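Counting along the sequence shown from 1, when you hit position 167 you're at 465 in our numbering, and nothing is skipped either side. Yeah, the Cβ is synthetic: ideal placement off N, Cα and C, and Gly gets one too. None of these values were measured; they are calculated from a predicted model.
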Amino acid sequence: MTDNLPELLAARLQPSLPGPLAQRQMEPELSFGRHFGPPRYDARPAAVVALLVQRRGEWFLPLMVRPDSMAHHAGQISLPGGAIEPGESCEEAALRELEEELGVPRMAALLLGQLTPLYVYGTNFLVTPWVAAIRREIVFQPNPAEVAAVLEVPLAHLMDLSHRGEHLQTRGTVVFRAPHFNWSRHQIWGATSMILAELIALI
Numbered sequence: 299m300t301d302n303l304p305e306l307l308a309a310r311l312q313p314s315l316p317g318p319l320a321q322r323q324m325e326p327e328l329s330f331g332r333h334f335g336p337p338r339y340d341a342r343p344a345a346v347v348a349l350l351v352q353r354r355g356e357w358f359l360p361l362m363v364r365p366d367s368m369a370h371h372a373g374q375i376s377l378p379g380g381a382i383e384p385g386e387s388c389e390e391a392a393l394r395e396l397e398e399e400l401g402v403p404r405m406a407a408l409l410l411g412q413l414t415p416l417y418v419y420g421t422n423f424l425v426t427p428w429v430a431a432i433r434r435e436i437v438f439q440p441n442p443a444e445v446a447a448v449l450e451v452p453l454a455h456l457m458d459l460s461h462r463g464e465h466l467q468t469r470g471t472v473v474f475r476a477p478h479f480n481w482s483r484h485q486i487w488g489a490t491s492m493i494l495a496e497l498i499a500l501i
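Listed below in structure tokens is the structure:
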């Protein structure tokens, strides 16, 4: 994949984005479009980061397995990110969370632009996804309180349609289908997969 991918993406992130057209490809069944409707009046703003890391000529994205002890998204796979604190900008929150969760210095990552905001109605977060890039060698230092494991997923793997599938999820007495990306023994689904679907559509 091209070395100048960050520059190309920065240009693509300026005009109109694919938005729901791309995100819906990975939306779980029975969501009824609630990710794209108006958020609740008390929705909490949040920011996440799709970080492009280049190693040996290949681009990777770090994803995190959340600890089972977490109140929200326990055991799920997510992008680095979290709630925007009072008095903090969306950009500041994105870089702070990247540093707090993965140990990436704030000055090391270059924010390229935003993807389409997504309302995660299950936890009442209005999430703004950022795309960022880092070219230098980086060793992740995950915060064990928030990260059980770091998955370094090749971007080319996510772009290969043969690595998509679906599985059944159970919530109480309700069983529904959820599209996912396969990576090793993991299934990347929900809001994370919807955000990644828009990034892949841009590329």
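| said: So within the stretch 344 to 400, which uninterrupted alpha helix (DSSP H) runs reach at least 4 residues, ignoring any that extend past its ends? | reply: Complete alpha helix (DSSP H) runs here, min 4: 388 to 400.
| field | V437 classed as buried or exposed, judged by whether at least 16 other C-beta atoms fall within 10 angstroms | value | Sixteen is the threshold: since fewer than 16 other Cβ atoms of the shown chains lie within 10 Å of the Cβ of V437, the residue is exposed.
| field | Endpoints, the alpha helix (DSSP H) within which E450 is located | value | That residue, E450, is in no alpha helix (DSSP H); its beta strand (DSSP E) goes A447 to P452.
| task | Please report how far the alpha carbon of G355 lies from the alpha carbon of H455, in whole angstroms. | result | 14 angstroms
| query | From the DSSP output, which residues share a beta bridge with H478? | reply | G463 and W487
| task | Can you give me the Cβ contacts of P326 inside the same chain, cut-off strictly under 8 angstroms, excluding the 5 residues immediately before and after it? | result | Q467, F474, R475, A476, P477, W487 and G488
| Around the C-beta of P304, are 16 or more other C-beta atoms found within 10 angstroms, so that it is buried, or is it exposed? | buried
| request: Would you give the residue range spanned by the beta strand (DSSP E) that L424 belongs to? | output: F423 to I432
| Mapping DSSP to helix, strand and coil, what is R310? | helix
| message | Could you compute how far the alpha carbon of H461 sits from the alpha carbon of Y419? | response | Rounded to whole angstroms, H461 to Y419 spans 27 angstroms at the Cα level.
| request: Would you give the residue range spanned by the beta strand (DSSP E) that Q412 belongs to? | output: L408 to Q412
| Who are the Cβ neighbours of R404 in its own chain at under 8 angstroms, not counting the five residues just before and after it? | L393, R394, L396 and E397
| request: Under 8 angstroms Cβ to Cβ from V445, same chain only, skipping five residues before and after it: list those, please. | output: M362, V363, R364, P365, E399 and L400
| query | Going by other Cβ atoms of all chains shown within 10 Å of its Cβ, with 16 needed for buried, is A450 buried or exposed? | reply | The sequence given here has Glu at residue 450, not Ala. That one is exposed.
| Neighbourhood of A348 by C-beta distance below 8 angstroms, restricted to the same chain and skipping five residues each side | Correct list, in chain order: L359, L377, L413, P427, W428, V429, A430, I493, L494 and L497.
| task | Indicate the three-state DSSP secondary structure (helix, strand or coil) for L315 in the structure shown. | result | coil
| query | According to DSSP, which residues form a beta bridge with T468? | reply | V473
| request: Go through its chain and collect everything with a Cβ distance to R338's Cβ below 7 angstroms, but skip five positions before and after it. | output: Around R338: N422.
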